[in-house]
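These protein sequence lines map, in sequence, to chains A and B.
With the working numbering applied, the first sequence closes on residue 125, and no number is skipped along the way.
With the working numbering applied, the second sequence closes on residue 125, and no number is skipped along the way.
Here the structure comes first, spelled out in C-alpha cells, and everything after it is commentary.
Protein chains: 2
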Amino acid sequence: MTRQRRVILEELKKAGSHPTADEVYRRVQKRIPNISMGTVYRNLEALSEHGIICRLQMSEGPMRFDASMEKHYHVRCSKCGRVGDVPASLVNNFESKVRAECEWQITGHRLEFIGICPRCQSKK
Amino acid sequence: MTRQRRVILEELKKAGSHPTADEVYRRVQKRIPNISMGTVYRNLEALSEHGIICRLQMSEGPMRFDASMEKHYHVRCSKCGRVGDVPASLVNNFESKVRAECEWQITGHRLEFIGICPRCQSKK
DNA sequence: TGGCTTATTAGTAATGATAACTATTACTAA
DNA sequence: TTAGTAATAGTTATCATTACTAATAAGCCA
C-alpha cells in the first residue's frame, strides 16, 4: 500500500458519487502533483481486483469507479451523464426463468437504468 | 439509400449474429473493395438512428450491431465474447418498483446477461 | 541500520475504437 | 446541364486505456 494507492482510495471515497479515472486523477493531483495517469489506472485496477472498490462499465462514456461495495444497481442520467445508485431491493428477481430456459449457462447479468436525474428534471 | 448503405445492411442481415463494425467492414469489403471504415461507421450509425438496426454497447469489447429489431436481450459469453439472444418474454418486469420509489425519472434500462455459450460449455 | 530484492512509480509512447475533416464524387430536382 | 446537397474514400485526430522503461521506493532479512 503505497502513498499513491492510499490517496487514490481516499479521494475515491471522498468523491462519493461515481467518478471516472480522470476525475480521480484530478482530485489526487491536488495532493500529489506529479502523479501519473498510469498510476491512477493501475491502482484503480489493483483495488478493484482485491474487491476493495468496484469498476463500473456504463453503456456510455468511460469507466467509472465506486468505493461502495454494497449490492446496488446504477442509473445514468441521459442528459448530463451523472450516475446514481438504485438499491438492489427495488429490483425483483428476473433471472430465474432465463436460467431455466436458456441453453446458455447464465452466470450473471449487468443492469443499468437510464433516466433523468433530479437536477436535470428541475432544470427543465 | 446508397449502394454502400444497402450492402452494409445486407451484410449485417446475412451475418446473423451480432457483428462488430470491423466485421461488417470486412464482409462489405469483399463486395466493395475500396469502401472506407468511416462509411461503415457512418451508415451503421445512420441506420440505427432510423430504427432499422440496433446498436449494442456491450459491457466488454467494441460496439456490436443487430439487424433484428424484435424485443430481446443479449447474453455475452465470458469465455469467447460471442453474443446471443434472450427473448424478452423470459424476463419478468422488474422496473416498476424502481420507477415508483426512485426520485430519478426512469426512462429505460439496459440489461445484458453474462454466461457461457453452448460451444464453450462443450469445449471444457 | 544497511543492503538486497522486488514492486511501484513517473513519464512517455503505443493501442484500439471511433469520430472529425476534406476534397471529390454521386444523386436530385429544376 | 447545372446548381445544390448528400455521401463517399482516405486520412488524420481524439479519447480512454494499456504497455514500456528507467528511476525510485517498499518490504525484508542479516
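Cβ coordinates follow ideal geometry from the N, Cα and C atoms, glycine included.
Small disclaimer: the values here were computed from a predicted structure and weren't measured.
Might you give, ordered along the chain, the residues of its own chain that have their beta carbon closer than 8 Å to the beta carbon of residue i, omitting 5 neighbours on each side?
i	result
A/E1	For chain A, the structure presents residues 2 to 125; residue 1 of chain A sits outside this window and is missing.
A/I33	R4, Q5 and V8
A/G52	M70
B/L57	H19, M64, R65, F66, D67, H75 and V84
B/K153	Residue 153 of chain B cannot be examined here, being either before or after the span of chain B that is shown, 2 to 125.
B/M2	none
A/V92	Y74 and L112
A/C118	V76, C78, K80, C81, R83 and G85
B/I54	L10, L13, L45, L48, F66, D67, A68 and M70
A/H110	E96
In terms of DSSP beta bridges, what is residue i paired with?
i	result
B/T21	B/R65
A/I117	B/Q106
A/R111	B/E113
Under a three-way DSSP split, which group does residue i fall into?
i	result
A/G85	strand
B/V76	strand
A/R56	strand
A/R32	coil
A/E96	coil
B/S37	coil
B/E11	helix
B/E50	helix
Short of 7 Å in beta carbon distance, which residues of its chain neighbour residue i, apart from the five on each side in sequence? Order them along the chain.
i	result
A/Q30	I36
B/C121	C78, K80 and C81
B/V41	I9, A22, V25, Y26 and V29
B/I107	E96, V99 and R100
A/V87	H73, Y74, H75, V76 and F114
Are there 16 or more other CB atoms within 10 angstroms of the CB of residue i, so buried, or fewer, so exposed?
i	result
A/G116	buried
A/G62	exposed
A/N44	buried
A/A47	exposed
A/E102	exposed
B/E12	buried
Identify, in the order they occur along the chain, each residue of the same chain with its Cβ nearer than 6 Å to the Cβ of residue i, setting aside the five sequence neighbours on each side.
i	result
B/K72	A89
B/E50	none
A/M38	Y26
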